[in-house]
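First up is the structure itself, then whatever we jot down about it.
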Amino acid sequence: MIDLWQEIYGTLRRNKLRTFLTGFAVAWGIFMLIVLLGAGNGLIHAFEQNSSERALNSIRIFPGWTTQSYDGLKEGRRIELDNRDLTDTETQFPDNVTSVGATVRQSGLNISFGKEYVNLSLLGVHPNYTEIEAVKTAEGRFINDIDLKERRKVIVLHQKSADILFGKTHTEPIGQFVNAGGVAYQVVGIYNDQGNSEPSEAYIPFSTLQTIYNKGNKLNNILLTTDGLTSLESNEAFEAEYRRVIGANHRFSPDDTGAIWIWNRFTDYLRTMNAMGILRTAIWVIGIFTLLSGIVGVSNIMLITVRERTHEFGIRKALGAKPASILWLIIVESVVITTLFGYIGMVAGIGVTEWMDNTFGNQTMDASMFQAKMFSDPTVDLRIAIQATVTLIVAGTLAGFFPARKATKIKPIEALRAD
1 MIDLWQEIYG TLRRNKLRTF LTGFAVAWGI FMLIVLLGAG NGLIHAFEQN SSERALNSIR
61 IFPGWTTQSY DGLKEGRRIE LDNRDLTDTE TQFPDNVTSV GATVRQSGLN ISFGKEYVNL
121 SLLGVHPNYT EIEAVKTAEG RFINDIDLKE RRKVIVLHQK SADILFGKTH TEPIGQFVNA
181 GGVAYQVVGI YNDQGNSEPS EAYIPFSTLQ TIYNKGNKLN NILLTTDGLT SLESNEAFEA
241 EYRRVIGANH RFSPDDTGAI WIWNRFTDYL RTMNAMGILR TAIWVIGIFT LLSGIVGVSN
301 IMLITVRERT HEFGIRKALG AKPASILWLI IVESVVITTL FGYIGMVAGI GVTEWMDNTF
361 GNQTMDASMF QAKMFSDPTV DLRIAIQATV TLIVAGTLAG FFPARKATKI KPIEALRAD
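Position 230 of the sequence shown, counted from 1, bears residue number 230 in full-length UniProt numbering, the numbering being contiguous throughout.
See below:
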């Protein structure tokens, strides 16, 4: 066995270029397959992670502008949502709507505690806000129904805002009162979200903000969660009915999609999953063809190798070597090259996916209302990498085996004459 390994080492050393070309074809095929699959998985995992942080059965309604003339009114009117729309959302869809809320905003307020202050926007919300958005209560509690009903002056601060206001004095935030534009609010909770940027919002009861800041019955958007809408068709039917109900309140056409903007996360999820499925298939197709190119490269080089060594095989047979020993030499040499360089390609591919994760994994896309990860966990199943390597090993072995077996059947005198 030692003689066999010494002979293989000597052969590889004498044919460095041939060995390198064979190994490069193997390593490149494995490397590209892992990198492509890793990149695709990074995009898919980021989308799945972003989706898991928010309720998929949620819908947000935003005001818009009419794009059609209707009921004697011209197009281009600004539609402003109000409490009447909120009430209709709660009462007109009992079979599909499970919870309803709304938001209203007051921007550019200095919130202070002692000498410290932060400039934030106050967002009036309902208790269901945490069901829909990626807002997690870290301390205390969030806005509840009693706060809403009694129009309490309570506030929920971001963790970073609380650190700025209370950090220097080492004061426990919960229960303290902060000043927001001359109005005192009691801190009842601290929240965290998925964003990495500086906090820009503090939450107070929806009814409190509408009353204190003279918003009347106007609101910024409506949030709701649904039940029983499990397909694209059922969601589209619900949206059409919802436009009809809200359209009756504001005198716009039920077919006017510009009058209100409906952000349905479930339908977005379904469409994106279809796109991700196409992306995954495309990556696999490209990866497989890349792997096939590696197999072709290995096969061609092994064929050339056997052809070049026909003269050598003749000398071995003339000296008494058995055909099986020659076949065994070719097979072991092929396995050694493909295994070694396949491992190198696999390690290099995994290294690149780790680099992608470190470079792009923490980057987020600011979509105004939320932040979303662009890239996350570009891992590749180790079994796939091993299977790809084994495939190349088998391909290289077969590519060397059949021509080598043919060469060993040639008579020594004919093999010695081969060029």
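Idealized CB from N, CA, C, for every residue including glycine.
| Check | Outcome |
| --- | --- |
| Beta-carbon proximity of Thr130 to Phe113, cut-off 8 Å | no |
| Stretch pair the segment 79 to 88 + the segment 235 to 255: three plus CB contacts closer than 8 Å | yes |
| Sufficient close CB pairs (3 or more, under 8 Å) joining the segment 25 to 42 to the segment 226 to 238 | no |
| Candidates Pro205, Tyr269 and Val390, of which the one nearest Arg105 by Cα | Pro205 |
| C-alpha gap between Pro127 and Ile146, whole angstroms | 10 Å |
| From Ser207, Thr19, Ile30 and Phe20, residue whose alpha carbon lies closest to that of Ile295 | Ile30 |
| Local conformation of Lys136 per DSSP, three classes | strand |
| Closest Cα partner of Thr397 within the set Gly101, Ile155 and Thr22 | Thr22 |
| Buried or exposed by the 16-neighbour rule on C-beta atoms within 10 Å, applied to Lys317 | buried |
| Segments of 3+ residues assigned as beta strand (DSSP E) that fall wholly inside the UniProt domain "ABC3 transporter permease C-terminal" (285 to 412) | 364 to 366 and 371 to 373 |
| Where the beta strand (DSSP E) containing residue 420 begins and where it ends | This structure gives no information on residue 420, because the portion of the chain shown stretches from 1 to 419. |
| Residues sharing a beta bridge with Lys218, DSSP | Asp82 |
| Residues near Phe238 by beta carbon distance below 8 Å, same chain, minus five either side | Phe93, Asn96, Thr226 and Leu229 |
| Straight-line Cα distance separating Thr267 from Leu43 | 19 Å |
| Neighbour-count burial assignment, Asn358, 16 or more Cβ in a 10 Å radius | exposed |
| For Glu116 and Lys168, believed in contact at Cβ under 8 Å, the rounded distance | 7 Å |
| Own chain partners of Phe62 with C-beta closer than 6 Å, once the 5 adjacent residues on each side are dropped | Asn221 and Trp261 |
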